[in-house]
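Encoded as structure tokens, the structure appears first; notes follow it.
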Amino acid sequence: MTFSCMSTSRKSALLLTGLAILLPTVMLLSIGTGPVSISPAEILLILIDRMGLTDGDIAIQTQLIVESIRIPRTLLGAIIGSSLAVSGAAMQGLFRNPLADPGIIGVSSGAALGAGVGIVLGSFIFSELTHPLIVNYGVSLLAFVGGVITTWIVYKVGTTPNGTSVATMLLAGVAIGALTGAGLGILTYIADDTTLRSLTFWQMGSLGGANWNSVILAFSILGPVTALLCRYGQVLNAMLLGESEARHLGINVQTTKLKLILVTALAVGVSVSVAGIIGFVGLVVPHLIRLMVGPDHRTLLPASAMLGAVLLLTADMISRTIVSPAELPIGIVTSLMGAPFFMSLLWQQRKRIA
Amino acid sequence: MSVSNQSKTNSSKNSQLEVRNTNVRIGEKTLLDDVSILVKPGEVVTVLGPNGAGKSTLLKVISGEIEPTSGDVLLNGRNDWPLSQQALMMGVLPQSSSLSFPFMVEEVVLLGRIPCTSDHQENLSIVAQALEEVDGLHLKDRQYTTLSGGEKQRVHMARVLTQIWTESELGKRYLLLDEPTSALDPAHQQLTLKMARKQADQGVGVLVILHDLNLAARYSDRLVILKEGAIAAQGTPAEALTRETVRSIFDIDVTISKHPLYECPLVINN
Chain A
11 MTFSCMSTSR
21 KSALLLTGLA
31 ILLPTVMLLS
41 IGTGPVSISP
51 AEILLILIDR
61 MGLTDGDIAI
71 QTQLIVESIR
81 IPRTLLGAII
91 GSSLAVSGAA
101 MQGLFRNPLA
111 DPGIIGVSSG
121 AALGAGVGIV
131 LGSFIFSELT
141 HPLIVNYGVS
151 LLAFVGGVIT
161 TWIVYKVGTT
171 PNGTSVATML
181 LAGVAIGALT
191 GAGLGILTYI
201 ADDTTLRSLT
211 FWQMGSLGGA
221 NWNSVILAFS
231 ILGPVTALLC
241 RYGQVLNAML
251 LGESEARHLG
261 INVQTTKLKL
271 ILVTALAVGV
281 SVSVAGIIGF
291 VGLVVPHLIR
301 LMVGPDHRTL
311 LPASAMLGAV
321 LLLTADMISR
331 TIVSPAELPI
341 GIVTSLMGAP
351 FFMSLLWQQR
361 KRIA
Chain B
6 MSVSNQSKTN
16 SSKNSQLEVR
26 NTNVRIGEKT
36 LLDDVSILVK
46 PGEVVTVLGP
56 NGAGKSTLLK
66 VISGEIEPTS
76 GDVLLNGRND
86 WPLSQQALMM
96 GVLPQSSSLS
106 FPFMVEEVVL
116 LGRIPCTSDH
126 QENLSIVAQA
136 LEEVDGLHLK
146 DRQYTTLSGG
156 EKQRVHMARV
166 LTQIWTESEL
176 GKRYLLLDEP
186 TSALDPAHQQ
196 LTLKMARKQA
206 DQGVGVLVIL
216 HDLNLAARYS
226 DRLVILKEGA
236 IAAQGTPAEA
246 LTRETVRSIF
256 DIDVTISKHP
266 LYECPLVINN
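Given below as structure tokens:
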């Protein structure tokens with residue numbers, strides 16, 4: 011039996027199993043990839059050694075690379091890829107439009123402006139609170155606020171009882187992009203050298219800043235958020251029918267919308283605050299899953315979470331190796347892969363309308 | 006004696022759908038003007054009226070989508086059901102649906118079972134039976150977005166049927182249909198109304214909005230005719246459909262005769 015003639019539920023089960031195997035494999039690869047190549051066997055030895063099970067003889071240097079650089083970076087990439095993809099899937103369900111993506115509709119840039127305000131003006135705002143965790147959380151909070159405001163605007167402007175119009179949504183994204191661009195421009199103008207570097211880094215996206223602090227921050231917020239979003243499967247399925255239909259099916263639409271907007275904005279805000287703007291993951295991943303198993307959110311959300319992690323880790327491996335020993339910001343890699351994909355989606359849509 | 010009478014009245018009040026002196030005003034405009042309607046389990050009540058008469062507004066008030074300016078809607082005696090419980094007693098078919106994601110037809114119909122707690126196998130069997138009711142079983146494995154307008158309408162009909170397929174412990178069930186035949190060919194129009202009749206015979210209260218006077222006359226127990234937000238005529242089809250009412254409400258000249266085959270009036274355009 012080939013994949014295409016299986017029943018949807020069997021396809022879903024197969025896909026989820028496949029991804030559950032693929033994700034740890036890619037994580038191992040990601041830990042092993044870089045200027046110093048480390049084999050999966052060595053990584054496993056280090057992990058086992060850490061748990062105090064054996065007394066392995068591994069070079070201190072390798073151990074250090076794995077523990078303080080590669081593992082945090084891999085974990086960060088995985089959780090950010092997951093939450094971006096899940097947020098994209100949830101937003102597409104909420105907007106009833108498969109082209110909604112946090113990057114395209116301006117949510118990421120709104121969050122980036124929030125983060126930028128935190129980075130540049132942070133030293134004025136919380137000058138006494140110098141602990142990196144507190145500063146990180148402060149920046150995340152502002153990114154979240156920026157994300158909520160932009161999501162709300164796009165939602166209000168673009169959504170009618172018949173779903174969201176692509177044109178309105180994209181135009182809203184353009185307007186918000188211009189506005190946040192101006193805001194970030196002002197911040198760039200007044201920033202000093204150090205903050206200027208982080209601002210630029212924020213706008214291109216990178217996992218290069220990964221350390222255990224950012225991993226803890228990301229997991230403490232994005233972990234629960236991703237898990238929470240995955241539970242909205244059936245509700246989002248009902249929402250696809252339309253808001254009044256969802257209501258007739260017993261769903262409190264107003265509360266659901268509010269929760270989803272807040273939660274997705276939190277996910278995007280935190281992702282942006284730790285890794286900058288990483289575009290197109292939220293668009294491409296749910297789309298690929300829908301092509302394979304259809305739009306049922308009960309599969310779409312968890313599958314997107316796993317594939318999002320796989321895809322972002324792959325992009326990160328490319329960003330680390332393609333101009334080695336230097337590093338290409340990951341946002342550039344995902345945009346290089348995602349933008350043509352997005353264009354092809356628009357092309358298909360154009361043909362459908364015509 | 007009096008006590009048992011009392012409880013009997015109560016229990017019948019607790020199993021009906023009642024719209025009581027309902028007004029809906031938006032700004033200066035009155036959309037519904039002191040409308041009272043009763044739908045009992047086992048009846049098909051049809052709402053007729055020209056465009057803009059307030060038919061859909063009435064349906065939205067009953068389903069709770071619009072809060073009435075004054076008046077009350079009592080579903081089995083209560084106006085404060087939680088949405089999740091209301092969904093077990095009331096299925097609503099809107100005029101059109103905006104679903105644009107490529108679900109399979111079976112998945113769309115299965116969405117109707119969201120409020121219910123039954124297991125997946127049972128749900129699948131209900132979905133198949135509901136599709137059979139709307140002559141849509143052959144569409145089961147088609148992709149929803151590739152269907153024609155009429156086929157989509159029947160699929161949503163099946164979805165709404167699955168929602169109230171099983172009896173609820175909470176109370177009697179009701180089906181609200183907003184122009185369920187608007188996209189259908191004549192054969193499927195008949196089929197849909199027969200299906201509504203069958204649901205009523207199984208104890209469901211059916212409220213349906215139609216434009217076709219003869220379909221309404223043939224399949225309804227009672228007609229409610231709205232004009233400019235108010236009830237202009239109501240009663241059995243024979244009582245409500247007179248030459249004068251049809252002329253004054255719909256502005257068309259008709260002859261009303263007796264249907265040669267059934268006990269209902271037949272409306273002939275002059």
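Sequence order for the protein chains is A and B. Mind the numbering: the first sequence is residues 11 to 364 in our numbering, read in order. Mind the numbering: the second sequence is residues 6 to 275 in our numbering, read in order. Even glycine gets a Cβ: it sits at the ideal position worked out from N, Cα and C.
Just to confirm my understanding: we take residue i, look at its own chain, exclude 5 residues before and 5 after, and list those with CB closer than 8 Å. What are they?
i: residue 303 of chain A; result: 18, 21, 22, 25, 309, 310 and 313
i: residue 280 of chain A; result: 93, 150, 153, 154, 227, 228, 231, 232 and 235
i: residue 90 of chain A; result: 217, 228, 232, 281, 284, 285, 288 and 322
i: residue 306 of chain A; result: 18, 22, 243 and 247
i: residue 238 of chain A; result: 273
i: residue 172 of chain B; result: 178 and 208
i: residue 268 of chain A; result: none
Tell me, which residues are paired with residue i by DSSP?
i: residue 283 of chain B; result: Lying outside 6 to 275, the shown extent of chain B, residue 283 of chain B is not represented and no answer is given.
i: residue 270 of chain B; result: B/263
i: residue 230 of chain B; result: B/53 and B/238
i: residue 23 of chain B; result: B/43 and B/79
i: residue 211 of chain B; result: B/49 and B/180
i: residue 98 of chain B; result: B/182
i: residue 173 of chain B; result: B/176
i: residue 6 of chain A; result: An answer regarding residue 6 of chain A cannot be provided, because it is not within the stretch 11 to 364 covered by chain A.
i: residue 148 of chain B; result: B/109
Could you tell me whether the Cβ atoms of residue i and residue j are closer together than 8 Å?
i: residue 41 of chain B; j: residue 24 of chain B; result: yes
i: residue 287 of chain A; j: residue 341 of chain A; result: yes
i: residue 275 of chain A; j: residue 117 of chain A; result: yes
i: residue 188 of chain A; j: residue 164 of chain A; result: no
i: residue 343 of chain A; j: residue 318 of chain A; result: no
i: residue 186 of chain A; j: residue 124 of chain A; result: no
i: residue 94 of chain B; j: residue 138 of chain B; result: no
i: residue 136 of chain B; j: residue 165 of chain B; result: no
i: residue 97 of chain B; j: residue 27 of chain B; result: no
i: residue 327 of chain A; j: residue 57 of chain A; result: no
i: residue 103 of chain A; j: residue 250 of chain A; result: yes
i: residue 315 of chain A; j: residue 96 of chain A; result: yes
i: residue 210 of chain B; j: residue 228 of chain B; result: no
i: residue 132 of chain A; j: residue 156 of chain A; result: no
i: residue 134 of chain B; j: residue 109 of chain B; result: no
i: residue 111 of chain B; j: residue 145 of chain B; result: yes
i: residue 269 of chain B; j: residue 192 of chain B; result: no
i: residue 261 of chain B; j: residue 245 of chain B; result: no
i: residue 290 of chain A; j: residue 351 of chain A; result: yes
Identify, in the order they occur along the chain, each residue of the same chain with its Cβ nearer than 6 Å to the Cβ of residue i, setting aside the five sequence neighbours on each side.
i: residue 118 of chain B; result: 128 and 167
i: residue 219 of chain B; result: 272
i: residue 131 of chain B; result: 167 and 170
i: residue 189 of chain B; result: 155
i: residue 256 of chain B; result: none
i: residue 226 of chain B; result: 48 and 49
Considering only residues of the same chain and omitting the five flanking positions on each side of residue i, which have a CB-CB separation below 7 Å?
i: residue 259 of chain B; result: 248, 251, 272, 273, 274 and 275
i: residue 298 of chain A; result: 317
i: residue 88 of chain A; result: 37, 319 and 323
i: residue 220 of chain A; result: 82, 83 and 86
i: residue 167 of chain A; result: 178 and 182
i: residue 205 of chain A; result: 129 and 130
i: residue 330 of chain A; result: 43, 44 and 337
> Is the segment 259 to 268 of chain A touching the segment 107 to 114 of chain A in the sense that three or more CB pairs, one from each, lie closer than 8 Å?
Replying inline: no
> Are three or more beta carbon pairs between the segment 193 to 210 of chain B and the segment 42 to 56 of chain B nearer than 8 Å?
Replying inline: Taking one beta carbon from each stretch, the segment 193 to 210 of chain B and the segment 42 to 56 of chain B have 3 or more pairs nearer than 8 Å; the two touch.
> Is it true that the segment 181 to 193 of chain B meets the segment 76 to 83 of chain B, where meeting means three or more beta-carbon pairs spaced less than 8 Å apart?
Replying inline: The segment 181 to 193 of chain B, when compared against the segment 76 to 83 of chain B, does not touch it at the 8 Å Cβ threshold.
>> Below 8 Å, how does it come out for the segment 323 to 331 of chain A and the segment 81 to 99 of chain A: are there three or more Cβ pairs, yes or no?
In response: The count of Cβ pairs closer than 8 Å, one atom from the segment 323 to 331 of chain A and one from the segment 81 to 99 of chain A, reaches three, so the stretches are in contact.
> Is it true that the segment 146 to 157 of chain B meets the segment 95 to 111 of chain B, where meeting means three or more beta-carbon pairs spaced less than 8 Å apart?
Replying inline: In short, these stretches touch, since the Cβ pair count reaches three.
>> Three or more C-beta pairs under 8 Å: does that hold for the segment 31 to 38 of chain B against the segment 230 to 237 of chain B?
In response: yes
>> Three Cβ pairs or more, each shorter than 8 Å: is that satisfied between the segment 53 to 69 of chain B and the segment 209 to 218 of chain B?
In response: yes
>> Give the list of continuous beta strand (DSSP E) stretches no shorter than 3 residues that lie fully inside the segment 229 to 310 of chain A.
In response: none
> What are the complete alpha helix (DSSP H) segments, minimum 4 residues, inside the segment 157 to 217 of chain A?
Replying inline: 176 to 200 and 203 to 214
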